[in-house]
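Residue numbers (the working numbering), protein chains in the order written: chain W, 1 to 155; chain V, 1 to 155. Cβ coordinates follow ideal geometry from the N, Cα and C atoms, glycine included. Read through the structure below, which is laid out as structure tokens, and then see the notes.
There are 2 protein chains.
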Amino acid sequence: MAGFVAHFTNRLDAKGRVSIPASFRAVLARDGFEGLYCITSSHCDAVDAGGNDLLAEINKRSEAFTKLSPDHDALAVALFGASESPKIDGDGRMTISDMIRDHTGITDHVTFVGMNYKFQIWEPEKFREYRAEAQRRALAMLSGQAPAPSQGEPS
Amino acid sequence: MAGFVAHFTNRLDAKGRVSIPASFRAVLARDGFEGLYCITSSHCDAVDAGGNDLLAEINKRSEAFTKLSPDHDALAVALFGASESPKIDGDGRMTISDMIRDHTGITDHVTFVGMNYKFQIWEPEKFREYRAEAQRRALAMLSGQAPAPSQGEPS
DNA sequence: TGTTTTCCCATGGTATCCCATAAGAACCCA
DNA sequence: TGGGTTCTTATGGGATACCATGGGAAAACA
């Protein structure tokens, strides 16, 4: 099986919980689940989420600088201070923290977007806009060459 | 589970006590808790705190200088003179000493910031400012250089 | 003895655990 | 192929455990 693919929109309940798509949970479990890891994206209103793979990727970036140096401290604050590790309950749900709410604008629905080695957490409407924009850009990039590939509409 | 992640702001009570975030306590316990170690940061208005991992990192740093040399002695004085080891009570609280107060400007609220191998103690408002700055710097550091030799695109 | 520190318990709010249910998907077997 | 059955999944809600916080009492200190 590959990584995280497709996207799903689930409902937030009164307690601020939302079900993580079952297929995403399966990927996390397969990669040796030790905890979900979430970090605010620096360039869009989404939160990156993943398991060990994502954490390793982030660790690698911060290890490029010597510890205790000003540069490393700044990086660590930006990376680890702006992240969190939500628990997943027995039914496969996570709670959307205030940090995620503030950064994404999520209110009552959550869109999970698979991106292979990680997935993103979006407010549904913002994701729609972002995706439309991304497709425009992709089209522009491909314009010189082959016709844009068509693809179906998942959920 | 990884190291210290996320950030929390807790309230200082009338006796000068503040709860250390439960998830941070869990990390300390997991790494074999022998005492909390606090040292004023040399380049910002925060205090570094942590357990054995932080201490090991500092030791590694000072070992770069030959023992008994003037440089090593100076460093040792600077490091250990600016540090302390606060007790943690049965409810997971520490008391904010005058040294920490003076260096951070903390009055009635304390922000704990996870940085993986250590965490920092901040006055909330100052942390907000530092964080904004840190994010700018992190962006520059990660995009300007750091050619991730692994797979392509970071986030 | 007065003051500060340390230990212990109380409490309100929140998060977590556990079970129930409904809808849909997959499955099975005639 | 079709109809019924079982499983999975998302969602709701009650009960419980945990956590941050406040305050009193005992202990240490000056």
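(request) Compare the C-beta of residue 84 of chain W with all C-beta atoms of chain V and state if any pair is closer than 7 Å. (result) Interface flag for residue 84 of chain W against chain V is set, since a Cβ pair is found closer than 7 Å.
(message) I'd like the ranges of any alpha helix (DSSP H) spanning at least 4 consecutive residues and lying wholly in the stretch 22-85 of chain W.
(response) Complete alpha helix (DSSP H) runs here, min 4: 22-30, 52-62 and 70-76.
(request) Can you say whether residue 147 of chain V is buried or exposed, counting buried as having 16 or more other CB atoms within 10 angstroms of its CB? (result) Low confidence applies here, because residue 147 of chain V scores a pLDDT of 45, under 50, leaving its location unreliable; read the following figure in that light. It counts as exposed.
(message) Between residue 72 of chain V and chain W, is the shortest Cβ-Cβ distance under 7 Å, so that the two count as touching?
(response) The Cβ of residue 72 of chain V sits no closer than 7 Å to any Cβ of chain W.
(request) Let me know the secondary structure DSSP gives residue 99 of chain W once reduced to three states. (result) Residue 99 of chain W: helix per DSSP, three-state reduction.
(request) Show which residues of chain W have a CB atom less than 9 Å away from the CB atom of residue 57 of chain V. (result) Near residue 57 of chain V (Cβ distances below 9 Å), the residues of chain W are 67 and 68.
(message) Quick test of your reading: residue 92 of chain W and residue 45 of chain W, contact by CB under 8 Å. State the CB separation rounded to the nearest angstrom.
(response) Contact between residue 92 of chain W and residue 45 of chain W does not hold, since the beta-carbon distance rounds to 25 Å and is not under 8 Å.
(message) Pull the bridge partners of residue 112 of chain W from the DSSP assignment, please.
(response) Answer is W/8 and W/121.
(message) Strictly under 7 Å for the Cβ-Cβ distance: is residue 116 of chain V near chain W by that measure?
(response) With 7 Å as the cut-off, residue 116 of chain V counts as an interface residue toward chain W.
(message) Any C-beta of chain W within less than 8 Å: which residues of the stretch 3-14 of chain V qualify?
(response) For the stretch 3-14 of chain V, the residues whose beta carbon sits under 8 Å from a beta carbon of chain W are, in order, 3, 4, 5, 6 and 7.
(request) With a threshold of 16 other CB atoms inside 10 Å of the CB of residue 27 of chain W, please say whether the residue is buried or exposed. (result) Classification for residue 27 of chain W: buried.
(request) Out of V/65, V/113 and V/90, point me to the one whose CA is closest to residue 49 of chain V's CA. (result) Answer by Cα proximity: V/113.
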